[in-house]
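By the count of the working numbering, the sequence shown reaches residue 276 at its end, each step adding exactly one. Notes follow once the structure below has been shown.
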Amino acid sequence: MDIKLLSGALGAEVNGINLKDSSDKNFKKINDLLLEHKVIFFRNQNITTEEHKALARKFGPLENHVYVKGRENHPEIVRIIKDPNEKNQWGENWHSDVSYNEKPTKAVILKSLKIPPVGGDTVFSNMELAWETLDKNIKEKINDKKAVHSSLGAAFFVKDYKAMEGNGNINEYSNTHPIVRTHPETDKKILYVNWTYTKQIIGLDKLESDELLKKIFEHQARLDLTCRFKWTENAVAIWDNRSVLHYAIADFFPGRGLGYERVMDRIAIEGDRPH
Ligand code: SIN
């Protein structure tokens, strides 16, 4: 096995693991790597839909997205499509997947099917490191606080994704979570708010909450907390959605003379209630 770190903050590209093998032994290796690096990447993984699902099931029950329709006969797989004529794509801007759910996603396994010749990278940020490096005064203010997360943070964009179908449920989904959560497997503290879905800190007035969240969001986007993955077709990313934020860069749209298609298959695994 060969491991290449993607940055000093998080992320590793792994060579020498076959994702078709969903044995307990192979899964343990993958999960250990995931807990260590928070996001792991594998190239040239020609896995079938069934192998993709089998691998995901090793992490836990599969999750159906609340408002995006899954693939026909595979409701757990969201096909993320950016059409060549679209400017925006699903997942642009910093977020942790479905943090507005009562039990947000534990991990995601994303497989690339079609990748533009340039652009369309995904960036990840390490929220354990974000908590460790956060300003001491801000830490004291938010340590025992909760915040409201709302799906409306993305619904604004979702109606523009003509290539992707909703399932008719684009209502507001909203939940309250601790701003600092504890990772259920490593016991590490994690800064658990995000630019897309977190709307208000409970117990602070709106202005104070907005000012504090702005500072925290800026901190989470610090480049020294991030890594960036350049996709090739048939690559797979697995991220620990509890301890990273991610951002799918939509920099390949027609207005730039770069109207390319990008297609990914995404399977999410059910998480637990943050505490
Ligand atoms: C997502 O935000 O779940 C999608 C990430 C990507 O397409 O790179």
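Even for Gly, the Cβ is constructed at its ideal location relative to N, Cα and C. Every value quoted in this text rests on a predicted model; they were computed, and no experiment measured them.
Quick check: is any heavy atom of the ligand SIN less than 7 Å from the C-beta of residue 338? The structure shown has nothing for residue 338, since the chain only spans 2 to 276.
Would you list the one or two residues that DSSP bridges to residue 92? Its beta-bridge partners do not exist; DSSP assigns none.
Could you check where the alpha helix (DSSP H) with residue 221 kicks off and where it finishes? 207-221
Exposure of residue 96, with buried meaning 16 or more beta-carbon neighbours within 10 Å: Label assigned to residue 96: buried.
Residues near the ligand SIN, criterion Cβ-heavy atom distance below 7 Å: 81, 90, 91, 92, 96, 98, 109, 111, 123, 247, 249, 265, 267
Start and end residues, beta strand (DSSP E) containing residue 239: 237-241
For the region 231-239 and the region 73-84, state whether three or more C-beta atom pairs, one from each stretch, are separated by less than 8 Å. no
Buried or exposed for residue 14, going by 16 or more other Cβ atoms inside 10 Å? Residue 14 should be labelled buried.
Would you grab the beta carbon distance between residue 129 and residue 8 for me? Rounded to a whole angstrom, and I think it's under 8 Å. At roughly 14 Å, the Cβ-Cβ gap does not stay under 8 Å, so residue 129 and residue 8 are not in contact.
Is the region 249-258 touching the region 116-132 in the sense that three or more CB pairs, one from each, lie closer than 8 Å? yes
Quick one, which of 222, 3, 50 has its alpha-carbon nearest residue 110's? 50
Under DSSP, the alpha helix (DSSP H) around residue 270 begins and ends at which residues? First-last for residue 270: 263-270, but that is the beta strand (DSSP E), not the alpha helix (DSSP H).
Range covered by the beta strand (DSSP E) that runs through residue 224: Bounds of any beta strand (DSSP E) do not take in residue 224, whose DSSP letter is neither H nor E.
Check the DSSP bridge columns for residue 113 and list the partner residues they point to. 265
Cβ shell of residue 146 (< 8 Å), same chain only, five flanking positions each side left out: 179, 180, 202, 203, 204, 205
Should residue 254 be flagged as near chain D, meaning a C-beta pair shorter than 8 Å? Looking for chain D here will not work: only one protein chain is present.
Inter-residue CB distance, residue 101 and residue 176 (contact presumed, cutoff 8 Å): 6 Å
Measure the beta-carbon distance from residue 90 to residue 249 and round it to whole angstroms, keeping in mind my assumption that it falls under 8 Å. 6 Å
Give me the DSSP bridge partner(s) of residue 6. 13
Which stretch, first to last residue, makes up the beta strand (DSSP E) that contains residue 42? 40-43
Determine the DSSP secondary structure at residue 183, reduced to helix, strand or coil. DSSP places residue 183 in strand when its eight states are reduced to three.
Hey, could you find the ends of the beta strand (DSSP E) residue 54 is sitting in? Counting along the chain, residue 54 falls outside any beta strand (DSSP E), though it belongs to the alpha helix (DSSP H) covering 50-60.
To the nearest angstrom, how far is it from the Cα of residue 193 to the Cα of residue 218? 11 Å
Tell me whether residue 98 is buried or exposed, calling it buried when 16 or more other Cβ atoms sit within 10 Å of its Cβ. buried
Please find out if some non-hydrogen atom of the ligand GDP comes closer than 7 Å to the beta-carbon of residue 114. Ligands displayed in this structure: the ligand SIN; the ligand GDP is not among them.
So, helix, strand or coil for residue 199, using DSSP? strand
By how many angstroms is the C-alpha of residue 113 removed from the C-alpha of residue 165? Roughly 16 Å separates the two Cα atoms.
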